[in-house]
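If you're matching positions, the sequence shown starts at 0 in numbering that gives the first Met the number 0 and goes up one per residue.
For glycine and all other residues, C-beta sits at the position ideal for the given N, C-alpha and C.
Quick caveat: nothing in here was measured; it's all calculated off a predicted structure.
Everything below concerns the one structure shown next.
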Amino acid sequence: MLNNIPDCEEVEGGTNSQGDGNPKESSPFINSSGSSGVEKTQQYDRKNMALFEEEMDTSPMVSSLLSSLANYSNLPQGSKEHEEAENNEEARKKVVQAPRMGTVMGVYLPCMQNILGVILFLRMTWLVGVGGVLGTFLIVFMCCSTTMLTAISMSAIATNGVVPAGGSYYMISRSLGPEFGGAVGICFYLGTTFAGAMYILGCIEILLIYIAPQAAVFQIEGLEGAEAEAGMLNNMRVYGTIVLSFMSLVVFVGVKYVNKLALVFLACVIVSILAVYGGVIKTAFDPPDFPICLLGNRTLFSKGLDVCAKTIDRGNGTITTKLWRFFCDSEFLNATCDEYFTNNNVSQLQGIPGITSGILAENLFSTFMKKNDILEKRGLPAVEDPDIPLANSNRYVLADITSFFTLLVGIYFPSVTGIMAGSNRSGDLQDAQKSIPIGTILAISTTSAIYMSSVILFGACVDGVVLRDKFGEGVNGNLVIGTLAWPSPWVIVFGSFFSTCGAGLQSLTGAPRLLQAIARDGIIPFLRVFGHGKANGEPTWALLLTASICEIGIIIASLDSVAPILSMFFLMCYMFVNLACALQTLLRTPNWRPRFKYYHWTLSFLGMSLCLSLMFICSWYYAIVAMVIASCIYKYIEFCGAEKEWGDGIRGVSLSAARYALMRLEEGPPHTKNWRPQILVLVGLDEEQNVEQPRLLSLTNQLKAGKGLTIVGSCVVGTYLNNHPQAQKAEQSLRKLMETERVKGFSQVVISSNLRDATSHLIQAGGLGGLRHNAVLVSFPKNWKKATDSQQLSNFIEVVRETTAARLALLVPKNIAAYPSNGERFTEGHIDVWWIVHDGGMLMLLPFLLRQHKVWKKCKMRIFTVAQMDDNSIQMKKDLITFLYHLRLDAEVEVVEMHDSDISAYTYEKTLVMEQRSQILKEMHLTKNEREREIQSITDVSRGSIRRKNPPNLHAQKTDESAGGSVEEKPEEEVQLIQGMNTTLIPTPTNPTSPTSLSAQAVSPGEAVQMTWSDAIDNSKNPSVAIPEGIRDMFNMKPEWENLNQSNVRRMHHAQKLNEVIVRKSQDAKLVLLNMPGPPKNRMGEENYMEFLEVLTEGLNRVLLVRGGGREVITIYS
0 MLNNIPDCEE VEGGTNSQGD GNPKESSPFI NSSGSSGVEK TQQYDRKNMA LFEEEMDTSP
60 MVSSLLSSLA NYSNLPQGSK EHEEAENNEE ARKKVVQAPR MGTVMGVYLP CMQNILGVIL
120 FLRMTWLVGV GGVLGTFLIV FMCCSTTMLT AISMSAIATN GVVPAGGSYY MISRSLGPEF
180 GGAVGICFYL GTTFAGAMYI LGCIEILLIY IAPQAAVFQI EGLEGAEAEA GMLNNMRVYG
240 TIVLSFMSLV VFVGVKYVNK LALVFLACVI VSILAVYGGV IKTAFDPPDF PICLLGNRTL
300 FSKGLDVCAK TIDRGNGTIT TKLWRFFCDS EFLNATCDEY FTNNNVSQLQ GIPGITSGIL
360 AENLFSTFMK KNDILEKRGL PAVEDPDIPL ANSNRYVLAD ITSFFTLLVG IYFPSVTGIM
420 AGSNRSGDLQ DAQKSIPIGT ILAISTTSAI YMSSVILFGA CVDGVVLRDK FGEGVNGNLV
480 IGTLAWPSPW VIVFGSFFST CGAGLQSLTG APRLLQAIAR DGIIPFLRVF GHGKANGEPT
540 WALLLTASIC EIGIIIASLD SVAPILSMFF LMCYMFVNLA CALQTLLRTP NWRPRFKYYH
600 WTLSFLGMSL CLSLMFICSW YYAIVAMVIA SCIYKYIEFC GAEKEWGDGI RGVSLSAARY
660 ALMRLEEGPP HTKNWRPQIL VLVGLDEEQN VEQPRLLSLT NQLKAGKGLT IVGSCVVGTY
720 LNNHPQAQKA EQSLRKLMET ERVKGFSQVV ISSNLRDATS HLIQAGGLGG LRHNAVLVSF
780 PKNWKKATDS QQLSNFIEVV RETTAARLAL LVPKNIAAYP SNGERFTEGH IDVWWIVHDG
840 GMLMLLPFLL RQHKVWKKCK MRIFTVAQMD DNSIQMKKDL ITFLYHLRLD AEVEVVEMHD
900 SDISAYTYEK TLVMEQRSQI LKEMHLTKNE REREIQSITD VSRGSIRRKN PPNLHAQKTD
960 ESAGGSVEEK PEEEVQLIQG MNTTLIPTPT NPTSPTSLSA QAVSPGEAVQ MTWSDAIDNS
1020 KNPSVAIPEG IRDMFNMKPE WENLNQSNVR RMHHAQKLNE VIVRKSQDAK LVLLNMPGPP
1080 KNRMGEENYM EFLEVLTEGL NRVLLVRGGG REVITIYS
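What follows is the structure, given as structure tokens:
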């Protein structure tokens, strides 16, 4: 099973990974039918494994496991190197080879190459000049501290088990879950893509400004202000697009050459840095000659100047210079010149005074400038009239952008990114768990030292006006850092050019593979197309998308504008790396055992806080945009993405939060204001384990405006060992239906020897701790009158009894098939509430919850209550309106008066038929001898009734025989129960003395079902139960009526009268809610109870019978 661990990893990341499909895992026991006993004997012979041979099907020997782990090769997930895929045989050979790179070549140098780059060469001196040594040092310290803390967190995650390649995406997705992993993975991908655009823009800037200015397509000489800026940006766009296309083609065709040239590009970076340090040392005793020409205190544009002077003496005369011609209208001494030019002298300043010059004190503090401000030398006097407008601005060195502290942070931060380079190569490392922490932390320490020392050395060696000259316009167009380099500025120029080219190629190589890994994980459905590539594994479609996004950065065309964008994405990525480490540490999950021990959750939390702070420091609006993008991706994955179980930390947070909340809920029952229906839905299953009443879940969905708990429970008859597969199938069926009906909750299937016990177990054991159901929803039994479904009747009554004993609310929808689905809409109608007895407010609350759903939204609520003879119906209506006003419920109110009336003959007939049927059903469950005695007893009673014997004597006789005591001595409630138990059976008048007739009725109980609801019309349809001619007169039945249980007669009378009122008032209502009477406590009156419910709800389409749970669920208080 573990012979190919890489394949298992690949399956896990696939789009359709729902398990390994091993049929043996679906059985609780090992299925050993696949091999015979002889084969097993041969297989494990002489291996001392006979005792465990049954377990070998799923549990391999330790030697096999260790062998599999030794041959493990964690190649980059979702990608293969181009050169490994050129030849399939060669690829296979490389898969089984052990990785060869160590800490230096595999982690340290790649991180160095990615961290040191374009910002160091093109913007570091400008950052020091504008922000000052102290401000820039603070920026560098903050950014480097952020990456160091992130590296510590990343090292802990990377050493907590084997990390396949995928970098931060893999670590975050497996630590925080697919939602966070996908969101941050896309952010990291976008950051890497925009980093490619930034490197390309830096490459073009070096080319067009410092190497070949004459190659510009849009000439900017002679242009001023916005025109010159637009021309420069257009040049960047044209050349950037060309370079991007060329680099994309190189990556598409020969990515292996990019990998092999990586060391060359790294060598360029190292040589350039060494040249800078060499130049700094040289300035201590031999500063280079880079003069700056100043007019007053303003820095002059050096291009086109022949000498830094207004005039020069030549022979016996004085002649003007090119500088004179720039500011005067002619070359003659009597020409009219610019006033500032006239009032101020021209001076020359050494741009690089050297490390021993003491210039550091002058550069300590910041000098922020607005766009088009002139670079001025501090402390140098100048004569200036503020009322005179600036003229000849193109001859001065101007600030190209408005600078401020937060802008400097956003521009600088990309220079410290690239710390993930080592973890991205974890598949090629000999010992990733050792190399990644050491190599990454050493690389960050080295680069941080380089950056911090550069800030101090630049401030100590170079004059402030040169540092603030971003493009070297005052030093003959030289790269400012190049003026400091030794032996020549061209070392820096060409070194930075090749390093930016290499970094751009690396970004265009890495970003598509990251996108391919995300796409192959299948967590973002619309990205799946980018998981495909060429036959050799190259991510062709991902490369195309990467180039397209990179072109957006090229169109922006400004390195200073692109840098804050990628800063956002990288900072968000680093923030979630720190969050992942902090969560895993705080949750103390058993699997969190990193080999890197020098971490703490406080460090991770500090790193996360720094990342979040830097995001808003850099650019608050970019930060919001980045968060919106990540949030949208998160929600998209949550609702539409593939469900993955990666053992992530967010699930651990959910478990911890759930445990904490459950412990809090255990402290006491919820307040009435916090009460909401937590529903246990009991559904039946057919032979195929499909739900028989799917509309129950539709009603559950419509009741869920309270946002409470929902448990859908069902039962499977049998034993757990034999019927476990059926239970799994039933649970899948429940989950599928819950998903279809959009019911959010849990499903639970119980296996028991009978449905009665299983239902009782669900009611008792459903939920957990304080998060338990407080209401049970069960459908009204349809065929309870059939003798074959007598168990269904008994089960339903037991549910009613148990919910009453457990103080749970009970909801019983009748005619559930007639209830609306979630897709239906009622455009009008009423929800009628018949409030007979107070049930804690359930009848008031349920219509309110239903009307929150779109199905019932347009239905109006009506409340009916019943007034007795001694009630003041007018005052009742006023009180009820006031009560509803305080409950904040809108409803029409009507008080129905029910007067006492004589019990009709129809009621007696109804009761008689009910008791006959009850006795027949009872007789069906007797033994043969008991049945004969019961028939003889029934015959005697019938003859006695016909002879008009005294009914009380007969009743007392039956009571003594069955109950063994006097009814009058019992309390009223017990009297009712005993009378219900000892109901006298009067056989049908068809043949009152014939046992054969009774037996026929017992065998065919359908006749009794018809009799129960038969009127004069029904008798014509069923002649077998027709009343003979001599007994059609109701007065001839009076003896039988006198023998009836008077409690049953009275209940039937009230049920019938109440039903008449309800049908008259609520015939057209969309739903009728009604108090459900209490169940009988004795087992013999169950059929009578169901008959009362039938009579009570007869003639109504949709009825919801409601029993309260014995506590208030609605309150007038806030």
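**Prompt:** Considering only residues of the same chain and omitting the five flanking positions on each side of GLU1111, which have a CB-CB separation below 7 Å?
**Reply:** THR671, GLY839 and GLY840
**Own chain partners of GLU89 with C-beta closer than 6 Å, once the 5 adjacent residues on each side are dropped** = Any answer about GLU89 is weak, because its pLDDT of 44 lies below 50 and its placement is not dependable; what the coordinates show is given next. So the list is empty, once near-sequence residues are dropped.
**Request:** Name the one or two DSSP bridge partners that ASN794 has.
**Result:** Looking at the DSSP assignment, ASN794 forms no beta bridge with any residue, so it has no partner.
**Item:** Rounded C-alpha distance that separates SER414 from CYS142
**Value:** 9 Å
**Message:** Beta-carbon within less than 6 Å of VAL127's beta-carbon, same chain only, minus the 5 sequence neighbours each way: which residues are those?
**Reply:** THR135, VAL454, PHE457, GLY458 and LEU466
**Prompt:** Between which two residues does the beta strand (DSSP E) carrying ASP462 extend?
**Reply:** Neither: ASP462 is in no beta strand (DSSP E) and is coded neither H nor E.
**Item:** Opening and closing residue of the alpha helix (DSSP H) in which ASN577 lies
**Value:** 558–586
**Request:** Would you please state the rounded distance, in angstroms, between the beta carbons of ALA215 and LEU207? I believe it to be under 8 Å.
**Result:** 6 Å
**Request:** Starting from the C-beta of VAL652, find all residues in its chain whose C-beta is less than 8 Å away, skip the five residues before and the five after it, and write them out in chain order.
**Result:** LEU582 and LEU586
**Prompt:** Along the chain, which unbroken stretches of the beta strand (DSSP E) at least 3 residues long are found entirely within the segment 208–296?
**Reply:** 290–294
**Request:** Please go through the segment 796–861 and give each complete beta strand (DSSP E) segment of 3 or more residues, from N-terminal end onward.
**Result:** 808–813 and 829–834
**Request:** Select from LYS781, SER557 and LEU886 the residue whose C-alpha is nearest the C-alpha of ILE203.
**Result:** SER557
**Request:** Determine the extent of the alpha helix (DSSP H) in which ASP756 is found, giving its start and end residues.
**Result:** 754–764
**Asked** Opposite MET100 in the DSSP bridges: which residues?
**Response** LEU428
**Asked** If you follow the alpha helix (DSSP H) that GLY712 is part of, which residue opens it and which one closes it?
**Response** Unbroken run through GLY712 is the beta strand (DSSP E), 709–716; no alpha helix (DSSP H).
**Cβ shell of GLU338 (< 8 Å), same chain only, five flanking positions each side left out** = ASP384 and ILE387
**Message:** Please state the DSSP three-state secondary structure of THR545.
**Reply:** helix
**Request:** Taking only the alpha-carbon atoms, compute the straight-line gap between ILE354 and THR366 and give it to the nearest angstrom.
**Result:** 21 Å
**Request:** Give the range of the alpha helix (DSSP H) segment to which ASP305 is assigned.
**Result:** Segment: none, ASP305 is in no alpha helix (DSSP H) and carries neither H nor E.
**the segment 1056–1076 in contact with the segment 1093–1111 per 3-pair CB rule at 8 Å** = yes
**Asked** Three-state secondary structure (DSSP) at THR355?
**Response** coil
**Item:** Burial state of LYS743, where buried means 16 or more other Cβ atoms lie within 10 Å
**Value:** exposed
**Message:** Going by DSSP in three states, ILE1115 sits in which element: helix, strand or coil?
**Reply:** coil
**Item:** Endpoints, alpha helix (DSSP H) assigned at VAL408
**Value:** 404–411
**Asked** So, is GLY328 buried or exposed, given that buried needs 16 or more other C-beta atoms within 10 angstroms?
**Response** Residue 328 is actually Asp in this sequence, not Gly. Label assigned to ASP328: exposed.
**Message:** If contacts are defined as beta-carbon pairs under 8 Å, then VAL680 and VAL715 qualify, I think. What distance do you get, rounded to the angstrom?
**Reply:** That pair is no contact at about 16 Å.
**Message:** For the segment 563–575 against the segment 179–196, do three or more pairs of beta-carbon atoms, one drawn from each stretch, fall closer than 8 Å, so that the two count as touching?
**Reply:** yes
**Item:** Residue(s) in a DSSP beta bridge with ASP312
**Value:** THR317
**Those residues which DSSP pairs with SER746 across a bridge** = VAL711
**Request:** Could you check if GLU330 is buried or exposed, using at least 16 other CB atoms within 10 Å of its CB as the buried criterion?
**Result:** exposed
**Asked** Is DSSP giving TRP751 helix, strand or coil here?
**Response** Correcting the residue identity first, residue 751 is Ser in this sequence and not Trp. Three-state result, SER751: strand.
**Request:** Compare the beta carbon distance of ARG122 and ILE410 with 8 Å and say whether it is the shorter of the two.
**Result:** yes
**Request:** Determine, using beta-carbon pairs with one atom in the segment 332–347 and one in the segment 289–309, whether at least three such pairs fall under 8 Å.
**Result:** yes
**Message:** Can you tell me whether TYR188 is buried or exposed? The criterion is at least 16 other CB atoms within 10 Å of its CB, across all chains shown.
**Reply:** buried
**Message:** Quick check on DSSP: helix, strand or coil for LEU379?
**Reply:** coil
**Prompt:** Taking the DSSP output, what are the residues bridged to ILE398?
**Reply:** Correcting the residue identity first, residue 398 is Ala in this sequence and not Ile. Looking at the DSSP assignment, ALA398 forms no beta bridge with any residue, so it has no partner.
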